[in-house]
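Numbered per the numbering used here, the sequence shown finishes at 419, counting up by one with no gaps. Shown next, in structure tokens, is the structure this report addresses.
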Amino acid sequence: MNDIIKNIEAAQLKAEVPQFNVGDTVRVYGKIKEGNRERIQVFEGVVLKKQGGSNRETFTVRKNSNGIGVEKTWPLHSPNVEKVEVVRAGKVRRAKLNYLRQRVGKSAKVKELVK
Numbered sequence: 305m306n307d308i309i310k311n312i313e314a315a316q317l318k319a320e321v322p323q324f325n326v327g328d329t330v331r332v333y334g335k336i337k338e339g340n341r342e343r344i345q346v347f348e349g350v351v352l353k354k355q356g357g358s359n360r361e362t363f364t365v366r367k368n369s370n371g372i373g374v375e376k377t378w379p380l381h382s383p384n385v386e387k388v389e390v391v392r393a394g395k396v397r398r399a400k401l402n403y404l405r406q407r408v409g410k411s412a413k414v415k416e417l418v419k
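Given below as structure tokens:
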């Protein structure tokens, strides 16, 4: 039974998965379906968390829009996620950045990782 589930999940995985970590600023190109039309909408923000594994892996991105914090969670291997583009790498020491939700202004920023 377990092998059957693994085979089904393996078939749903994307061939090329972008490499990004928590704290990175990313640009997510998501497909939006409106009636019979389909378009791509860009969502840019900081990755708060990555969770799950295999084809169930999800990531949450947070941005500030007109003074209001907006978070969206996407499945990494979803066909509705066209691509994920890393804008800048962030330097963080946590796996989940939940503390950013209470911060506003400069304290809500993540330092850039310089290699």
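A virtual CB, placed ideally from N, CA and C, is assigned to each residue, including glycine. Note that the coordinates shown come from a computational prediction; the quantities given were computed from them, not determined experimentally.
State the start and end residues of the unbroken beta strand (DSSP E) segment that holds Gln355.
For the purposes of this step, residue 355 is identified with residue 51 of the sequence shown, where counting begins at 1. That run of the beta strand (DSSP E) goes Arg341 to Gln355.
State the DSSP-derived secondary structure class of Lys310, mapped to helix, strand or coil.
In the sequence shown, the residue the question calls residue 310 occupies position 6. The answer is helix: DSSP assigns Lys310 an H, G or I state.
Can you tell me whether Leu404 is buried or exposed? The criterion is at least 16 other CB atoms within 10 Å of its CB, across all chains shown.
For the purposes of this step, residue 404 is identified with residue 100 of the sequence shown, where counting begins at 1. The residue in question, Leu404, is buried, as its Cβ has 16 or more Cβ neighbours within 10 Å.
Using DSSP with H/G/I as helix, E/B as strand and the rest coil, what is Arg398?
Indexing the sequence shown from 1 puts residue 398 at position 94. Note: Arg398 maps to coil in three-state DSSP.
Would a C-beta distance cut-off of 8 Å place Glu348 and Lys318 closer than the cut-off?
Against the sequence shown, residue 348 aligns to sequence position 44. Against the sequence shown, residue 318 aligns to sequence position 14. Contact: no.
In whole angstroms, what is the alpha-carbon distance linking Val391 and Ser358?
Counted from its first residue, the sequence shown places residue 391 at position 87. Counted from its first residue, the sequence shown places residue 358 at position 54. For Val391 and Ser358, the distance between alpha carbons rounds to 25 Å.
If I follow the unbroken beta strand (DSSP E) through Ser369, where does it start and stop?
Mapped onto the sequence shown, residue 369 falls at position 65. Looking at the DSSP string, the run of the beta strand (DSSP E) that includes Ser369 is Thr362 to Ser369.
Identify every residue that forms a DSSP beta bridge with Glu320.
Translated into the one-based positions of the sequence shown, residue 320 becomes position 16. For Glu320, which the question treats as bridged, DSSP gives no partner whatsoever.
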